[in-house]
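J.: So the sequence shown is numbered by UniProt numbering: it starts at 1 and just counts up by one.
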Amino acid sequence: MPDSYRIAVAQPRALTEPDHSANVGRAVELVAEAAAAGARLVLFPEHSPGPFRAGQDYDAAGPIAEAAAAHGIAVCWSRMELCADDRWRLVVYVTGSDGATVFRYERSHPATVPAGDTGGHVAPGPVLGSFELDGVPMGIAVCSELWIPETTRVLALRGAEVILSPAGGHFTALTSNWQLLARARAIENHCYLALTNNLYGAEQGAAMITGPEHVLVEAGRAELAVATLDLARARWLRDQDDSLAEPKPFDSIPGLLRARRPELYAELAAPRDDLFDYETGR
Numbered sequence: 001m002p003d004s005y006r007i008a009v010a011q012p013r014a015l016t017e018p019d020h021s022a023n024v025g026r027a028v029e030l031v032a033e034a035a036a037a038g039a040r041l042v043l044f045p046e047h048s049p050g051p052f053r054a055g056q057d058y059d060a061a062g063p064i065a066e067a068a069a070a071h072g073i074a075v076c077w078s079r080m081e082l083c084a085d086d087r088w089r090l091v092v093y094v095t096g097s098d099g100a101t102v103f104r105y106e107r108s109h110p111a112t113v114p115a116g117d118t119g120g121h122v123a124p125g126p127v128l129g130s131f132e133l134d135g136v137p138m139g140i141a142v143c144s145e146l147w148i149p150e151t152t153r154v155l156a157l158r159g160a161e162v163i164l165s166p167a168g169g170h171f172t173a174l175t176s177n178w179q180l181l182a183r184a185r186a187i188e189n190h191c192y193l194a195l196t197n198n199l200y201g202a203e204q205g206a207a208m209i210t211g212p213e214h215v216l217v218e219a220g221r222a223e224l225a226v227a228t229l230d231l232a233r234a235r236w237l238r239d240q241d242d243s244l245a246e247p248k249p250f251d252s253i254p255g256l257l258r259a260r261r262p263e264l265y266a267e268l269a270a271p272r273d274d275l276f277d278y279e280t281g282r
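(1) Have a look at Gly201 and Phe44 and give me their C-alpha separation to the nearest angstrom.
(2) Per DSSP, which residues does Phe131 bridge with? Please list them.
(3) Kindly indicate the opening and closing residues of the alpha helix (DSSP H) around Arg233.
(4) Tell me the DSSP secondary structure of Thr16 in three-state form.
(5) Between which residues of its own chain and Ala160 is the CB-CB distance below 7 Å, once the five residues before and five after are set aside?
(6) For the stretch 85-100 against the stretch 63-75, do three or more pairs of beta-carbon atoms, one drawn from each stretch, fall closer than 8 Å, so that the two count as touching?
(7) Relative to the C-alpha of Glu33, which residue among Ala173, Leu90, Leu164, Ala74 is closest?
(8) What does DSSP give as the partner residues of Glu218 in its beta bridges?
(9) Please say whether Tyr105 and Ala61 have beta carbons closer to each other than 9 Å?
(10) Taking only runs that begin and end inside the stretch 34-76, name each unbroken alpha helix (DSSP H) of 4 or more residues, in chain order.
(11) Starting from Pro166, follow its DSSP beta bridges and name the residues at the other end.
(12) Any idea if Gln204 is buried or exposed, counting beta-carbon neighbours within 10 angstroms, 16 or more meaning buried?
(13) Consult DSSP for Pro187 and reduce its assignment to one of helix, strand or coil.
(14) Per DSSP, what kind of secondary structure is residue 357 in: helix, strand or coil?
(15) Can you name the start and end residues of the beta strand (DSSP E) that Val102 belongs to?
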């Protein structure tokens, strides 16, 4: 495993009407910019560069694969996709630096947004998103999946040192809380978390890269931000125990992933009749 890893978050100004396919060209440009900044991986927002919605028909996979191979950088991107069971899902792809598909993740927790607001019911994927890239264990938590702490905790327990969180955008008043949760997920799981979203108009973006002890970079309204992750430090925090010594050699309480009491958490897996039904959208 490498001791450090350089990643970029792309926060493109989304072109939504009348032709979403125009976003593909800008995505290819941002891939090149991220590679020029020394990033090994660039993360794009949810359903970017698309297709953004069910029923749209254009290809981003080919241009993204070509750009990844041309610039020697991995790309995490996503689209709405009609899957093998004839159901629409938000699907995240990780394309390797050679242009080949490394990983495919169907968003497992679609948001509880009424079907009429999304253009139709979006089905859930069957599993959480764990994978490895360049020897680094990673995970994916899409948009509001970040607000469900069990998702990132399980990814961390599987070994994820980096969690990629592509979100859609239109955060408006939620931006500060969204970033707060991104920081909390990184702190509590002793990992790095990359968050990004589409920019619509002149809104303030939420894109950031944050670690278990502090924020590395925030993009603001910029379309690209890059940071180097100290993976060795995250492993140190996972392996160490807490200390009462002052001054403390850490800014995040170490060892707490090992201090869990799973036998006390039965309610997390217990059946409930008041939970959202992803199959019916109610």
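For each residue, glycine too, the CB sits at the ideal point set by N, CA and C.
T.: Looking at the coordinates:
(1) Translated into the one-based positions of the sequence shown, residue 201 becomes position 201. Translated into the one-based positions of the sequence shown, residue 44 becomes position 44. For Gly201 and Phe44, the distance between alpha carbons rounds to 18 Å.
(2) Locating residue 131 in the sequence shown gives position 131, counting from the first residue. Per DSSP, the beta-bridge partners of Phe131 are Met138.
(3) Position 233 of the sequence shown, counted from the first residue, corresponds to residue 233. Per DSSP, Arg233 belongs to the alpha helix (DSSP H) from 231-239.
(4) Within the sequence shown, numbered from 1, the residue matching residue 16 stands at position 16. Reduced to three states, the DSSP call for Thr16 is coil.
(5) Here residue 160 refers to the residue found at position 160 of the sequence shown. For Ala160, where only same-chain residues beyond five positions count, the Cβ hits under 7 Å are Ser130, Pro137, Met138, Gly139, Cys191.
(6) Touching, yes, given that three or more Cβ pairs across the two stretches are closer than 8 Å.
(7) The residue you call residue 33 lines up with position 33 of the sequence shown. Residue nearest to Glu33 within the set Ala173, Leu90, Leu164, Ala74 is Ala74 (criterion: CA-CA distance).
(8) Indexing the sequence shown from 1 puts residue 218 at position 218. Beta-bridge pairing links Glu218 to Met208.
(9) Residue 61 sits at position 61 when you count from the first residue of the sequence shown. Residue 105 sits at position 105 when you count from the first residue of the sequence shown. In this structure, Tyr105 does not lie closer than 9 Å to Ala61 by Cβ.
(10) Segments of the alpha helix (DSSP H) lying fully in the stretch 34-76: 61-71.
(11) Position 166 of the sequence shown, counting from 1, holds the residue named residue 166. Beta-bridge pairing links Pro166 to Thr196.
(12) The residue labelled residue 204 in the question sits at position 204 within the sequence shown. Exposed, because fewer than 16 other Cβ atoms sit within 10 Å of the Cβ of Gln204.
(13) Translated into positions along the sequence shown, residue 187 becomes position 187. Here residue 187 turns out to be Ile, not Pro, going by the sequence shown. Note: Ile187 maps to helix in three-state DSSP.
(14) For residue 357 there is no data in the structure shown, the boundaries of the chain being 1 and 282.
(15) Residue 102 sits at position 102 when you count from the first residue of the sequence shown. Segment 101-106, the beta strand (DSSP E) holding Val102.
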